[in-house]
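Q: First residue of the sequence shown? That's 2 in my numbering, and the numbers climb one at a time after it.
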Amino acid sequence: MNRQTAEKVRFFMNGLAGRLPEIDEIEATFRSGLKNYTLTAPVDNGESLAFNFGGNSYALDYAGFVDFICGKVPDYDELLIVYRDPEKDSQIAAAERDVTFRSAERSSKRGAAALSEAHEAVSQASMSNRAYFIRPEQPAAAQMLKAIGIMGDNGKVKNDKIRKYNQIDHFIELIDPMLRKFCAQKAASGAKDKTLNIVDCACGKSYLSFALCYYIRYVLKTPCRFTGLDYNKIVIDDSKRIAETLGYTNMKFIETDIGKYEPDRQYDLLITLHACDIATDLALRFGIDHGVGAMVCVPCCHKEMNSQNYHLEPVEPLLKYGILKARIADSLTDGLRALYLEALGYDVSMVEYISPLDTPKNLMMRCVKTRDFNVGAMRKYDDICAALGVNMSIAKS
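#1: Note down, one range per segment and in chain order, each alpha helix (DSSP H) of at least 4 residues found wholly within the segment 143-196.
#2: Does the beta-carbon of residue 207 have 16 or more other beta-carbons within 10 angstroms, so that it is buried, or is it exposed?
#3: Compare the beta carbon distance of residue 11 and residue 179 with 8 Å and say whether it is the shorter of the two.
#4: Along the beta strand (DSSP E) that carries residue 347, what are the first and last residues, could you check?
#5: Grab the span of the beta strand (DSSP E) containing residue 386 for me, first residue to last.
#6: Kindly give me the distance between the Cβ atoms of residue 254 and residue 279, rounded to whole angstroms, as I take these residues to be in contact under 8 Å.
#7: Considering residue 214, what are the terminal residues of the alpha helix (DSSP H) in which it resides?
#8: Count the other C-beta atoms from every protein chain shown that fall within 10 angstroms of the C-beta of residue 35, then say buried if there are 16 or more, exposed otherwise.
#9: Between the Cα of residue 202 and those of 286, 351 and 147, spot the shortest distance and give me the residue it belongs to.
#10: Could you round the C-beta distance between residue 149 and residue 272 to whole angstroms and report it? I think they count as a contact, below 8 Å.
#11: Provide the residue span of the alpha helix (DSSP H) that contains residue 14, from first to last.
#12: Does the pairing of the segment 179-189 with the segment 250-267 give three or more beta-carbon distances under 8 Å?
#13: Within a Cβ cutoff of 8 Å, which residues of the same chain sit near residue 55, ignoring the five residues on either side of it in sequence?
#14: Enumerate in chain order the residues of its own chain whose CB-to-CB distance from residue 334 is below 6 Å, with the five nearest sequence positions on each side excluded.
#15: Just mark residue 79 as buried or exposed, buried being the case when its beta carbon has 16 or more other beta carbons within 10 Å.
#16: Nearest by alpha-carbon distance to residue 218: which of 376, 83, 350 and 135 is it?
#17: Beta carbon of residue 369, beta carbon of residue 347: below 8 Å?
#18: Who are residue 103's beta bridge partners in DSSP?
#19: Going residue by residue through the segment 230-283, where are the continuous alpha helix (DSSP H) segments of at least 4 residues, counting only ones entirely within it?
#20: Can you grab the Cα-Cα spacing for the pair residue 390 / residue 341, in whole Å?
#21: Take residue 170 as the anchor and find which of 398, 318 and 151 has the nearest alpha-carbon.
#22: Could you work out which residue in 75, 28, 299 and 63 is closest to residue 83 when comparing CA atoms only?
#23: Alpha carbon to alpha carbon, how far is residue 139 from residue 168?
#24: According to DSSP, simplified to helix, strand and coil, what is residue 134?
#25: Does the beta-carbon of residue 319 have 16 or more other beta-carbons within 10 angstroms, so that it is buried, or is it exposed?
#26: So, with DSSP's three-state summary, where would you put residue 313?
#27: The beta strand (DSSP E) that contains residue 297, what's its start and end?
#28: Could you tell me the boundaries of the beta strand (DSSP E) in which residue 368 lies?
#29: Per DSSP, which residues does residue 44 bridge with? Please list them.
#30: Measure the beta-carbon distance from residue 51 to residue 60 and round it to whole angstroms, keeping in mind my assumption that it falls under 8 Å.
#31: Tell whether a beta-carbon distance below 8 Å holds between residue 260 and residue 231.
#32: Going straight from the alpha carbon of residue 2 to that of residue 32, what length do you get?
#33: With 16 as the cutoff for other CB atoms within 10 Å, does residue 198 come out buried or exposed?
#34: Is residue 24 closer than 8 Å to residue 103 when the C-beta atoms are compared?
#35: What does a CB cutoff of less than 8 Å around residue 215 pick up in its chain, not counting 5 residues either side in sequence?
#36: Hey, out of 69, 70, 298 and 289, whose CA is closest to residue 364's CA?
Okay, here's the thing in structure tokens:
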């Protein structure tokens, strides 16, 4: 956890200060890896809290207790604070960026057991707030989710995979209209082969490809082929093993640099999720060079523009602040990517991919080829790059 998490914990703890006269005890359980560390502080007349932690004894007022707990937050992975009164438990659960509060019937569980129960309840509740496209209750979906490690043998999405599951499912939600259009076009075409061909550049562990393969085959009822490209032999071997386990014979995974791969078919769609820095540009360049009609990307870290020490008049005085210069470079990089693609005849839209609380890498670009080369847009792209003093990888053949 981090300091931002600690401040959220402080907010909830301060909100419960007025209830101290009703509280019998406060229990806090910290988790680091597989180890749990619990303290129990009986509340003395709503004023003093005495407890032992880490071999030391403490006696603090409530403000001091809040400072103590929040000071420990960055040292651990998870935290559960339980305020117990005679009738119910009030729980503050923290893990990574998530901090939640809930009231529950008073439980007999303590320490690690209470911590696990609270996080499972929070996770399952958060999953029920939206209609999912990949539905775990469907047998083929469950088989796929288990194979890629998102679902456990108990039939539930693992707590530490909730974010990944949300990211994958929301990706599918955002491109579902595009997929349905492609599937309809394939079905209506006179071509004998109506297969939808998709390439996943910098596929990594291929979570997204497996989920999309399931969705297109079993939900959209359309034949599809997937090619996953990555230079990392370990993730390619793992992806091959999972595809074999699932019987997904329509998927192949190739260990290669994106720029060196020569495709053996015409792709209808290119996807790339969280490809680092210029790997996103290499993926988009691959799509451009090989005539891919639609591309969807969620960029990851942006380093290229900042590393070229770009300049931007008349706001140059603001760029002396490193964090501002980096954030501005992020937005300018994605803006230039979009403008370059528009110059090549793609319609480009940008949307928030998922909550920034789940991942800060939350911008999705959807690009569909609809027209010929746009001279005016390319001139604007060149002028902006010249003004910034940068040479971006997306424009390098």
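Ideal placement from N, C-alpha and C gives every residue a C-beta, glycine not left out.
All values derive from a computational prediction rather than experimental measurement.
A: In short, the structure shows the following:
#1: Segments of the alpha helix (DSSP H) lying fully in the segment 143-196: 163-189.
#2: Within a 10 Å sphere around the beta-carbon of residue 207 sit 16 or more other beta-carbons, which makes this residue buried.
#3: Cβ atoms of residue 11 and residue 179: not closer than 8 Å.
#4: Taken as a continuous stretch (DSSP letters only), the beta strand (DSSP E) holding residue 347 covers 347-353.
#5: Boundaries for residue 386: no beta strand (DSSP E) harbours it, while the alpha helix (DSSP H) harbouring it runs 376-389, taken from the DSSP string.
#6: Contact flag wrong, Cβ pair sits at about 22 Å.
#7: Counted as a single uninterrupted DSSP element, the alpha helix (DSSP H) harbouring residue 214 occupies residues 208-215.
#8: Residue burial annotation: residue 35 is exposed, with fewer than 16 other C-beta atoms found within 10 angstroms of its C-beta.
#9: Selected option, being the one with the closest Cα: 286.
#10: Residue 149 to residue 272, Cβ: 16 Å. No contact.
#11: Boundaries of the alpha helix (DSSP H) around residue 14: 4-16.
#12: Cβ pair count under 8 Å is below three, so no.
#13: The residues are 38.
#14: Result list for residue 334: 303 and 306, in chain order.
#15: By the 10 Å Cβ count, residue 79 comes out buried.
#16: Selected option, being the one with the closest Cα: 135.
#17: Note that the C-beta distance between residue 369 and residue 347 is below 8 Å.
#18: Per DSSP, 92.
#19: Here the runs fully enclosed are 234-247.
#20: C-alpha separation (whole angstroms): 16 Å.
#21: Taking each of 398, 318 and 151 in turn and checking the Cα distance to residue 170, the smallest one comes out for 151.
#22: Of the residues 75, 28, 299 and 63, the one whose Cα lies closest to the Cα of residue 83 is 28.
#23: Looking at the two C-alpha atoms, the distance is approximately 19 Å.
#24: Residue 134 sits in coil when the DSSP states are folded into three classes, being neither helix nor strand.
#25: By the neighbour-count rule (16 or more Cβ atoms within 10 Å), residue 319 is not buried but exposed.
#26: Coil.
#27: Counting along the chain, the beta strand (DSSP E) containing residue 297 begins and ends at 295-299.
#28: Looking at the DSSP string, the run of the beta strand (DSSP E) that includes residue 368 is 364-370.
#29: DSSP lists 50 as the beta-bridge partner residues of residue 44.
#30: Approximately 5 Å separates the beta-carbon atoms of residue 51 and residue 60; this is inside 8 Å, confirming the contact.
#31: The Cβ atoms of residue 260 and residue 231 lie no closer than 8 Å to each other.
#32: If you take the alpha carbons of residue 2 and residue 32, they lie about 10 Å apart.
#33: Answer is buried; the Cβ neighbour count reaches 16.
#34: If you check the CB distance, residue 103 and residue 24 do not come in under 8 Å.
#35: Once the five neighbours on either side are set aside, the close Cβ partners of residue 215 are 135, 141, 142 and 145.
#36: Taking only the C-alpha atoms, the option nearest residue 364 is 298.
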